[in-house]
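Structure, as structure tokens:
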Amino acid sequence: MDSSFVKVGAIVAIIVFYIPFLMIMTKSFGPKRGRQHFYRSIKNIFERESDDSKCIDQISIVYKSVFDNNQEFSKKYPTLINICEDLLTRASGYTDFIFKFHYSLSFSPEEVNRLSSIIKSIENDMPFISLSSKYGNQLDMLKLAFDSNDLSMGVNGLNQLAKDIKYLETTIEIQNRRNRIATWVSVTGIILTVIFGAVSIFQIYAPS
């Protein structure tokens with residue numbers, strides 16, 4: 015096999031596999047930077063503020079700031095509840111050493127319990143906050159229709175919600191197909207990399 019062909023094949027394999035891999039790795043840094051900022055802010059808020067309602071106000075401001083300035087963070091944590099639950103999961107599931115290794119701080123058991131209480135308070139005050147603003151507003155409208163016994167408003171809201179759910183299901187199916195294609199491309203890239211690497215080694219050590 016011609017050595018130039020092997021080189022071209024190896025370059026193509028690298029482009030197909032490693033560039034998407036590097037893009038995925040780069041995107042993963044954005045959410046972590048956002049988490050670090052948010053976690054440090056919550057730690058500072060807990061240390062200086064004893065009133066949970068004031069804590070929630072300040073946490074909401076911090077979340078909005080990080081959300082507006084970190085695109086990858088905003089995609090991974092579309093609501094305040096998402097990132098608070100993420101922090102609760104990590105702070106409860108990681109050892110102190112591992113958590114501090116990743117985020118350079120730690121939360122005491124009392125602070126973890128306080129965070130859990132704050133999450134419950136937010137969910138009680140805003141039951142649809144874990145949803146996107148679009149669907150949260152729709153459910154708020156349906157609740158208003160139910161409370162005011164407005165049948166027309168309720169029917170219109172249900173019809174719109176049904177259309178949005180249908181659109182969402184279609185979007186999810188399209189994304190799943192794209193993910194399957196991307197997986198096959200990655201697998202093919204790995205296989206090609208191994209093949210061309212083996213061929214290159216064979217050419218180097220094969221007797222002339």
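Heads up: the sequence shown begins at 15 in my numbering, then just goes up one per residue. Backbone N, C-alpha and C fix where the C-beta goes; we use that ideal spot for every residue, glycine too. Bear in mind the structure is a predicted one, so any value in this text is a computation, not a measurement.
Integer-rounded CB distance, given that residue j should sit under 8 Å from residue i
i, j, result
"D66", "I133", "Incorrect: roughly 11 Å between the Cβ atoms, too far for contact."
"P45", "F87", "5 Å"
"F52", "I97", "6 Å"
"I70", "I136", "6 Å"
Check whether residue i and residue j have beta carbons under 7 Å apart
i, j, result
"V76", "G48", "no"
"G150", "A159", "no"
"K180", "L119", "no"
"Q50", "Y117", "yes"
Whole-angstrom distance between residue j and residue i, CA atom to CA atom
i, j, result
"R128", "I209", "55 Å"
"K68", "N173", "38 Å"
"N83", "F60", "23 Å"
"R191", "N170", "32 Å"
"T207", "I188", "29 Å"
"K195", "K78", "Sequence check: residue 195 is Ile here, not Lys. Distance between the alpha carbons of I195 and K78 is about 35 Å."
"F121", "S166", "49 Å"
"T93", "S200", "32 Å"
"P123", "L156", "39 Å"
"R62", "T185", "44 Å"
"D178", "D164", "21 Å"
"N138", "S162", "21 Å"
"S64", "S74", "16 Å"
"L145", "Q85", "18 Å"
"K89", "K148", "15 Å"
Own chain residues within Cβ distance below 7 Å of residue i, not counting five before or after
i, result
"D154", "F142"
"I205", "none"
"E183", "none"
"S55", "V76"
Spatial neighbours of residue i in its chain, beta-carbon cut-off 8 Å, leaving aside the 5 residues before and after
i, result
"V126", "L102, A105, S106"
"D100", "R49, Y91"
"G114", "The question names Gly, yet the displayed sequence has Lys at residue 114. Closer than 8 Å at the Cβ level, and outside the excluded window around K114, lie S120."
"S130", "L102"
"Y108", "H116"
Neighbourhood of residue i by C-beta, 6 Å cutoff - its chain only, sequence neighbours within 5 removed
i, result
"L175", "Q152"
"D110", "S120"
"T197", "none"
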